[in-house]
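3 is the number of the first residue of the sequence shown in our numbering; add one for each residue after it. To start, the structure itself, in structure tokens.
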Amino acid sequence: MIGIKNVIAIICGGGPAPGINSVISAVVSEATRHGWDVLGIYDGFSRIARGEKNYVRLEPANISRIHLTGGCILKMSRFNPTKKESDLRTVVETLTELGVTHLVTIGGDDTAFSSMAVSEYARKMGRTINVVHVPKTIDNDLPLPEGVPTFGFETARAFGTMEIENLMEDASTTNNRWYFTIAMGRTAGHLALGMGRSAG
Numbered sequence: 003m004i005g006i007k008n009v010i011a012i013i014c015g016g017g018p019a020p021g022i023n024s025v026i027s028a029v030v031s032e033a034t035r036h037g038w039d040v041l042g043i044y045d046g047f048s049r050i051a052r053g054e055k056n057y058v059r060l061e062p063a064n065i066s067r068i069h070l071t072g073g074c075i076l077k078m079s080r081f082n083p084t085k086k087e088s089d090l091r092t093v094v095e096t097l098t099e100l101g102v103t104h105l106v107t108i109g110g111d112d113t114a115f116s117s118m119a120v121s122e123y124a125r126k127m128g129r130t131i132n133v134v135h136v137p138k139t140i141d142n143d144l145p146l147p148e149g150v151p152t153f154g155f156e157t158a159r160a161f162g163t164m165e166i167e168n169l170m171e172d173a174s175t176t177n178n179r180w181y182f183t184i185a186m187g188r189t190a191g192h193l194a195l196g197m198g199r200s201a202g
């Protein structure tokens, strides 16, 4: 293995949440400290599944203050490469052409499943792409060990709780008025439950 350069690719999937740029910054800082190269892949899996090598080389100089900004410097996509085998193959081939040995994905359940599928498909093709997934989900629907928080969920729960507390205050001063709050979460009710419990 001497002489082989370790290259990490970072892919962000799903929707934006506070903290994504902090994760990117931390990965770049740690990787470059060990002499690894880091590539930021633009637009999630969507372009790389078409064979497009649309990326930026991430170095301490170009990520030094990104943790202070919201959103995601790499842009995001909900594209899922596991829907078609040809997309999965193209992702693996394109990452391999870029020299990627490790993949860091940031996202929810679709992104986690996609990254696992990329690693398994690479192995099937006789290649190795090691994967680390950073859970980011407002829905909180990843099967993580109990007590393991995800950013996205924690932020949404905190803001939702604040809104409910404000509505509770308003409700206590009005007669015959009801307030309903609706929380996102697709098929998971974790956010609604978390907001309700936190608001008391």
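Note that CB positions come from ideal geometry on N, CA and C, so glycine has one too. What you are looking at is a predicted structure, and each value in this text was computed from that prediction instead of being measured.
Starting from Val29, trace the alpha helix (DSSP H) in both directions and tell me its first and last residue.
Segment Ile22 to Arg35, the alpha helix (DSSP H) holding Val29.
Assess contact between the stretch 28–35 and the stretch 78–85, defined as three or more Cβ pairs (one per stretch) separated by less than 8 Å. Is contact present?
Touching, no.
Using only CA atoms, which one of Thr84, Ile65, Tyr123 and Arg52 lies nearest to Thr96?
The shortest C-alpha separation from Thr96 is found at Arg52.
Across which residues does DSSP place Val40 in a beta bridge pair?
Partner(s): Ile10 and Leu60.
Measure the beta-carbon distance from Val94 to Ile10 and round it to whole angstroms, keeping in mind my assumption that it falls under 8 Å.
No, Val94 and Ile10 are not in contact; Cβ-Cβ is about 16 Å, not under 8 Å.
Take the Cβ of Gly187 as the centre, count every other Cβ of all protein chains shown within 10 Å, and call the residue buried at 16 or more, exposed below.
Under this definition Gly187 is a buried residue.
Do you know offhand how far Ala119's Cα is from Arg129's?
Their backbone Cα atoms lie some 13 Å apart in a straight line.
Please report how far the alpha carbon of Ile4 lies from the alpha carbon of Asn56, in whole angstroms.
Any reading at Ile4 must be qualified, since the residue scores a pLDDT of 46, below 50, and its modelled position is unreliable; no value is offered.
Per the contact definition of three or more C-beta pairs closer than 8 Å, is the stretch 13–30 in contact with the stretch 134–148?
Because the criterion of three Cβ pairs below 8 Å is met, the stretch 134–148 and the stretch 13–30 touch.
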